[in-house]
Amino acid sequence: MKHAEILKRLIRLSHELGREDRHLAILGEGNVSADLGDGTFYVKASGSQLGAIDAGGFSRVSLKPIFAALDQPDKTDCEVRKILEACRVDKKSKLPSVETFLHAICLGEGGAKWVGHAHPVSVLKILCSKLGVEPFRRHIFPDAIVVCGRRVAVVPYVDPGIRLAVALRKSLRQFLKDKGVAPKVILMANHGPVVLGQTERDVLNTMLMLDKWAAILTGNYTLGRPRFLEDKISDRIENRPDEHYRRRAIGKLK
Ligand SMILES: [Zn+2]
77 MKHAEILKRL IRLSHELGRE DRHLAILGEG NVSADLGDGT FYVKASGSQL
127 GAIDAGGFSR VSLKPIFAAL DQPDKTDCEV RKILEACRVD KKSKLPSVET
177 FLHAICLGEG GAKWVGHAHP VSVLKILCSK LGVEPFRRHI FPDAIVVCGR
227 RVAVVPYVDP GIRLAVALRK SLRQFLKDKG VAPKVILMAN HGPVVLGQTE
277 RDVLNTMLML DKWAAILTGN YTLGRPRFLE DKISDRIENR PDEHYRRRAI
327 GKLK
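With the working numbering applied, the sequence shown covers 77 to 330.
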């Protein structure tokens, strides 16, 4: 796919995630990225608004200096800014988001082609509660398993930026080691979800299903508590061939 087409789709994805009626991200919240397949990727620039972003709201950055920085993450804010300035392919483009490190890991190690991060009200109602990530460790209805994955990866609360990216990388690597596949959803405690997708539609679908899952969970807790599916039923849905087919078909929807 041509870079201009990827950028066009990234803008469309940003507008979908930033729609006010969806309550996924407001003001400067959230960010998105897309792999360009040549060691570089587009990522939202710092301060841009997802709902109103245009091509100037993105920066194209190189993976290599980002990964080099992640190997020595004990950096001052000033040093992090210098790395973000230096990793830009076009030095005239805006400063990339401080979450560029996190996007680099999802694209470079998590097998994602497209990544979306938001602060959905529905998900934060649970993630910022005393229950934290626990309600998301089991399932309550089949479509969340099909679209969001049987299991989500989890990251404890860490200051956003390079340290958060290092914590996310640790969680992602453990997940890959334990499950043999990358997660579709990574939940960051007291912060929000990161969605790893193969297409821009995949990212949006997963975020919307996660939003619905969270809203239903909160409703379940107000009516007593959720009636979770048995683990073996969730495992069966995850592995059904017809569900694999459905998953692929949903990801391709335009
Ligand atoms: Zn965030």
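Using N, Cα and C, we set each Cβ at its ideal position, and we do this for glycine too.
Problem set entry | For tryptophan 190: DSSP bridge partner residues | Ala110 and Gly273
Exercise. Is leucine 299 helix, strand or coil when you go by DSSP?
Worked result: coil
For this session: Give me the Cβ distance between arginine 213 and aspartate 311, rounded to the nearest whole Å; I'm assuming they're in contact under 8 Å.
Result: Rounded, the Cβ-Cβ distance is 13 Å, inconsistent with contact.
For this session: Below 8 Å on the Cβ atoms is my guess for isoleucine 216 versus proline 302; work out the distance and round it to an integer in Å.
Result: 5 Å
For this session: For ligand 1, enumerate in chain order all residues having a CB closer than 7 Å to any of its heavy atoms.
Result: Glu105, Gly106, Glu175, His193, His195, Pro236, His267 and Gly268
For this session: Go to lysine 120, then tell me how far its alpha helix (DSSP H) extends in each direction, as first and last residue.
Result: Run containing lysine 120: none in the alpha helix (DSSP H); it sits in the beta strand (DSSP E), 116-120.
Exercise. Under three-state DSSP, which class holds serine 138?
Worked result: strand
For this session: Check whether the segment 123-131 touches the segment 84-95, taking contact to mean three or more Cβ pairs, one atom from each stretch, closer than 8 Å.
Result: yes
For this session: Out of Glu92, Leu160, Val257 and Lys78, state which residue places its alpha-carbon closest to the alpha-carbon of alanine 139.
Result: A small correction: the amino acid at residue 139 is leucine; alanine does not occupy that position in the sequence shown. Ranking Glu92, Leu160, Val257 and Lys78 by Cα distance to leucine 139 puts Leu160 first.
For this session: Grab me the residues of serine 90's own chain with a C-beta within less than 6 Å of its C-beta, minus the 5 sequence neighbours each way, in chain order.
Result: Val108, Leu126 and Ile129
For this session: Use the C-beta contact count for valine 174: other C-beta atoms within 10 angstroms, 16 or more gives buried, fewer gives exposed.
Result: buried
Problem set entry | For glycine 237, the three-state DSSP class (helix, strand or coil) | coil
For this session: Can you tell me which of Leu146, Cys154, Ser198 and Ala121 puts its alpha carbon nearest to the alpha carbon of lysine 170?
Result: Ala121
Problem set entry | In DSSP terms, what phenylalanine 164 is bridged to | Inspection of the sequence shows that residue 164 is occupied by arginine rather than by phenylalanine. For arginine 164, which the question treats as bridged, DSSP gives the partners Val137.
For this session: Kindly indicate which three-state DSSP category methionine 77 falls into: helix, strand or coil?
Result: coil
For this session: Could you tell me whether the segment 193-201 touches the segment 224-241, where touching means 3 or more Cβ pairs closer than 8 Å?
Result: no
Exercise. Any idea which residues DSSP pairs methionine 264 with across the strands?
Worked result: Val231 and Gly268
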